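Colleague: Convert by adding 630 to the 1-based position in the sequence shown; the result is the number in the working numbering. Quick reminder that beta carbons are idealized off the backbone N, C-alpha and C, glycines included. On a predicted model such as this, the values are computed, not experimentally measured, just so you know. Here you go, one structure.
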Amino acid sequence: MIPPAPPADRGIALRETVVDSDVRALSEMVLATGFFSPEEVGVAVELVEDRLGRGPTSDYAFLIAERDGRLAGYTCYGRTRGTLASFDLYWIVVAPDEQRHGLGRLLLEETERRIRERGGLRIYVETSSRSLYEPTRQFYLTNGYVQEAFLADYYSPGDGKLIYCRVLGL
631 MIPPAPPADR
641 GIALRETVVD
651 SDVRALSEMV
661 LATGFFSPEE
671 VGVAVELVED
681 RLGRGPTSDY
691 AFLIAERDGR
701 LAGYTCYGRT
711 RGTLASFDLY
721 WIVVAPDEQR
731 HGLGRLLLEE
741 TERRIRERGG
751 LRIYVETSSR
761 SLYEPTRQFY
771 LTNGYVQEAF
781 LADYYSPGDG
791 KLIYCRVLGL
């Protein structure tokens with residue numbers, strides 16, 4: 631287990647361990663953002679359940695942020711199979727009432743640190759081209775990610791997939 635870096639906000643506690651109550655809490659938080667369809671929320675839940683069921687052998691690692699014992703945000707990431715040192719950032723979600731206070735950046739930086747310590751050299755992130763996701767795309771660009779690809783109409787007509795990458799320094 632990688633020791634946690636001190637959170638920038640002392641009211642936030644970070645943990646890697648997923649517990650049973652996270653299934654419902656993460657599901658509710660993902661849905662509350664208004665960004666994800668019920669099917670996408672189901673995918674988020676599947677990854678949590680995979681981690682709960684398989685433990686450390688799961689392909690999915692989590693970093694969960696809590697404030698006063700309440701879920702505030704999380705990331706889900708993992709090594710990209712078939713690569714030497716690439717990782718995927720599958721999810722980064724911040725509760726609506728915690729947004730715009732630096733928690734997303736804290737989670738991203740701490741996730742990047744953990745990936746780097748696991749030998750990761752590149753992180754890939756996928757997101758939608760819909761206008762709703764413009765703040766998400768700006769978040770990645772502001773944090774050092776570069777758009778590597780655009781797949782038109784990937785999710786649905788008019789909704790393409792953008793793939794961003796961040797090369798981690800050693």
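Since cysteine 603 and phenylalanine 717 are thought to touch, with beta carbons under 8 Å apart, how far apart are those beta carbons, to the nearest angstrom?
Modeller: Given a span of 631 to 800 for the chain in the structure shown, any question on residue 603 remains unanswerable.
Colleague: Check glutamine 729 in the structure and name its three-state DSSP category.
Modeller: On the sequence shown, residue 729 is found 99 positions in, with the first residue counted as 1. Residue state, collapsed to three classes: coil.
Colleague: Whole angstroms is fine: what's the gap from phenylalanine 665's alpha carbon to tyrosine 785's?
Modeller: Taking the first residue of the sequence shown as position 1, residue 665 is located at position 35. Taking the first residue of the sequence shown as position 1, residue 785 is located at position 155. In a straight line, the C-alpha of phenylalanine 665 is about 14 Å away from that of tyrosine 785.
Colleague: For aspartate 680, I'd like the list of residues in its chain whose CB is within less than 8 Å of its CB, leaving aside the five on either flank, ordered along the chain.
Modeller: Within the sequence shown, residue 680 is the residue found at index 50, counting from 1. The answer, listed in chain order, is Ser688, Asp689 and Tyr690.
Colleague: Checking the sheet assignment: what are the DSSP bridge partners for alanine 691?
Modeller: By one-based count along the sequence shown, residue 691 stands at place 61. Its beta-bridge partners are Tyr707.
Colleague: Could you check if arginine 744 is buried or exposed, using at least 16 other CB atoms within 10 Å of its CB as the buried criterion?
Modeller: In the sequence shown, counting from the first residue as 1, residue 744 sits at position 114. Classification of arginine 744: buried, given that the 10 Å Cβ count is 16 or more.
Colleague: Between which two residues does the alpha helix (DSSP H) carrying leucine 771 extend?
Modeller: Stepping through the sequence shown from its first residue, residue 771 is reached at position 141. Leucine 771 -> alpha helix (DSSP H) spans 764 to 772.
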